[in-house]
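Q: Residue numbers (my numbering): 334 to 675. Even glycine gets a Cβ: it sits at the ideal position worked out from N, Cα and C. Small disclaimer: the values here were computed from a predicted structure and weren't measured.
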Ligand code: 5AD
């Protein structure tokens with residue numbers, strides 16, 4: 334098995350059956366994490382890029398069964414920031430030192446191509462990179478955001494298992510999800526995708542397919558985390574995913590896609606107080622603190638225990654820099670594109 338991991342790290346290629354074998358046993362986890370960390374160091378150096386997330390609306394027309402802000406969760410108190418508030422939070426983040434702002438929201442129809450492009454253009458004046466994470470749109474909308482200055486786009490495929498995808502996403506289509514991802518690539522975005530690890534009825538075989546999909550799609554960014562059952566959702570009583578399995582999927586992703594950007598995600602920290610450090614030591618090179626101000630954060634509950642809801646410390650750029658420096662790494666000072674590499 335160790336030889337298989339070594340070979341994968343050398344060739345950035347692995348057979349699906351070997352992925353499944355690695356995922357099945359915990360015997361070689363430390364070796365896998367260590368190998369992914371070495372690949373990260375070789376290709377990305379010791380820089381950790383810090384991206385500030387603004388959660389600007391939790392209004393969503395979709396009903397993803399795992400998600401706490403799904404349309405049919407009546408207990409989610411809905412909010413939508415004004416353009417001025419979004420711009421203000423972005424300005425504060427840029428002033429603190431953030432080089433990328435991630436604009437994330439539910440699929441909120443209020444934000445049309447018109448008002449989104451205005452927001453994007455205004456934020457670009459701050460000379461920072463913009464990542465959008467606002468769901469499925471049509472090709473023309475994606476084009477408009479790109480022309481307005483958006484640099485990157487995150488849209489997790491969530492699972493590449495079509496039947497599982499269908500059962501989790503009422504009234505959505507796997508084909509449209511793929512169309513979106515292909516559009517984003519073609520339009521010249523840095524395109525990010527990812528999955529939930531440990532969903533009910535998700536097999537290790539299907540997770541292996543997901544990892545191979547990341548490679549085939551040549552994703553510029555991969556964000557993944559454990560599924561965490563959220564109250565008042567159809568999956569509230571299901572078993573959640575494990576942090577270890579999520580870290581293993583992340584480590585394998587680093588080994589296969591050595592130069593991409595991979596965040597230590599908040600869902601990882603929700604399951605372990607050191608989750609993000611563990612991720613940074615197993616292949617991750619990005620961290621994404623929440624920079625949404627005021628009381629909005631506590632209403633953007635995709636899942637329970639989401640970090641930085643109760644602590645303002647995590648909003649702080651300096652705190653994140655210290656966290657990075659505590660493991661002998663340093664914060665990025667560039668926009669941190671994939672091609673920037675080391
Ligand atoms: N547990 C973990 N991650 C979740 N997401 C949504 N709901 C949950 C949950 N219950 C993730 C999805 C989505 C991202 C923004 O948050 O993968 O793409």
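(1) Out of curiosity, what's the CA-to-CA distance linking residue 422 and residue 599?
(2) Let me confirm a value: residue 342 is counted as buried when at least 16 other C-beta atoms fall within 10 Å, else exposed. Which label applies?
(3) At the level of alpha carbons, what is the spacing between residue 621 and residue 578?
(4) Enumerate, from N- to C-terminal direction, the unbroken alpha helix (DSSP H) stretches of 4 or more residues contained entirely within the region 535–598.
(5) For a test of the three-state rule: what should DSSP assign to residue 389, helix, strand or coil?
(6) Report the residue from 497, 493, 432, 499 whose alpha carbon sits nearest the alpha carbon of residue 514.
(7) Closer than 8 Å: is that where the CB of residue 466 sits relative to any heavy atom of the ligand 5AD?
(8) To which residues of the same chain is residue 645 closer than 7 Å at the C-beta, ignoring the five residues directly before and after it?
(9) Which residues does DSSP pair with residue 523 in a beta bridge?
(10) For residue 669, which residues in the same chain have their Cβ closer than 6 Å to its Cβ, ignoring the five residues on either side in sequence?
(11) Just to confirm, is the Cβ distance from residue 553 to residue 671 under 9 Å?
(12) Could you tell me the boundaries of the beta strand (DSSP E) in which residue 463 lies?
(13) Please list, in chain order, all residues of the same chain as residue 613 whose beta carbon is under 8 Å from its beta carbon, the five residues on each side excluded.
(14) Does the ligand 5AD have a heavy atom nearer than 8 Å to the CB of residue 489?
(15) Just verifying my parser: in three-state terms, what is the DSSP assignment at residue 624?
(16) Specify whether the region 432–442 and the region 532–546 touch according to this definition: at least 3 beta carbon pairs, one from each stretch, less than 8 Å apart.
(17) Considering residue 436, what are the terminal residues of the beta strand (DSSP E) in which it resides?
(18) Taking residue 369 as the reference, give the member of 650, 618, 489 with the closest Cα.
(19) Could you check the C-alpha separation between residue 463 and residue 453 for me, to the nearest Å?
(20) Skipping 5 residues on each side, what residues in its chain have a beta carbon closer than 6 Å to that of residue 636?
(21) Does the beta-carbon of residue 528, which I'm using as the reference point, lie nearer than 8 Å to any heavy atom of the ligand 5AD?
(22) Consult DSSP for residue 383 and reduce its assignment to one of helix, strand or coil.
(23) How long is the line joining the alpha carbons of residue 504 and residue 431, rounded to whole angstroms?
(24) May I have a chain-ordered list of the alpha helix (DSSP H) segments no shorter than 4 residues that lie completely inside the region 342–374?
(25) Apart from the five residues just before and just after residue 477, which ones in its own chain have a Cβ nearer than 8 Å to its Cβ?
(26) Can you give me the Cβ contacts of residue 676 inside the same chain, cut-off strictly under 7 Å, excluding the 5 residues immediately before and after it?
(27) Please name the residue, chosen from 378, 442, 424, 420, that lies closest to residue 404 on a Cα-to-Cα basis.
(28) Relative to the C-alpha of residue 519, which candidate in 424, 551, 638 has its C-alpha closest?
(29) Exposed or buried, residue 664, counting other C-beta atoms within 10 Å across all chains shown (16 or more means buried)?
(30) Considering only residues of the same chain and omitting the five flanking positions on each side of residue 334, which have a CB-CB separation below 6 Å?
(31) Taking residue 446 as part of the alpha helix (DSSP H), name the residues at either end of that continuous run.
(32) Beta-carbon separation of residue 512 and residue 491 under 9 Å?
(33) Among residues of its own chain, excluding the 5 on either side of residue 673, which ones have a beta-carbon nearer than 8 Å to its beta-carbon?
(34) Look up residue 405 in the DSSP assignment and say whether it is helix, strand or coil.
(35) Going along the chain, which residues of its own chain have a beta-carbon closer than 8 Å to the beta-carbon of residue 475, five neighbours each way excluded?
(36) Check residue 427 in the structure and name its three-state DSSP category.
A: By the coordinates alone:
(1) 20 Å
(2) buried
(3) 21 Å
(4) 537–550, 576–589
(5) strand
(6) 493
(7) yes
(8) With a pLDDT of only 47 at residue 645, under 50, the local geometry of the prediction cannot be trusted, and the value read off the model is given with reservation. Same-chain partners within the cutoff: there are none.
(9) 485
(10) 382
(11) yes
(12) 462–466
(13) 381, 597, 620, 657, 660, 662
(14) yes
(15) coil
(16) no
(17) 433–438
(18) 618
(19) 8 Å
(20) 401, 561, 563
(21) yes
(22) strand
(23) 37 Å
(24) 349–357
(25) 446, 449, 450
(26) There is no way to answer for residue 676, as the model of the chain reaches only from 334 to 675.
(27) 442
(28) 551
(29) buried
(30) 361
(31) 446–457
(32) no
(33) 667
(34) coil
(35) 486, 513, 516, 517, 520, 522
(36) helix
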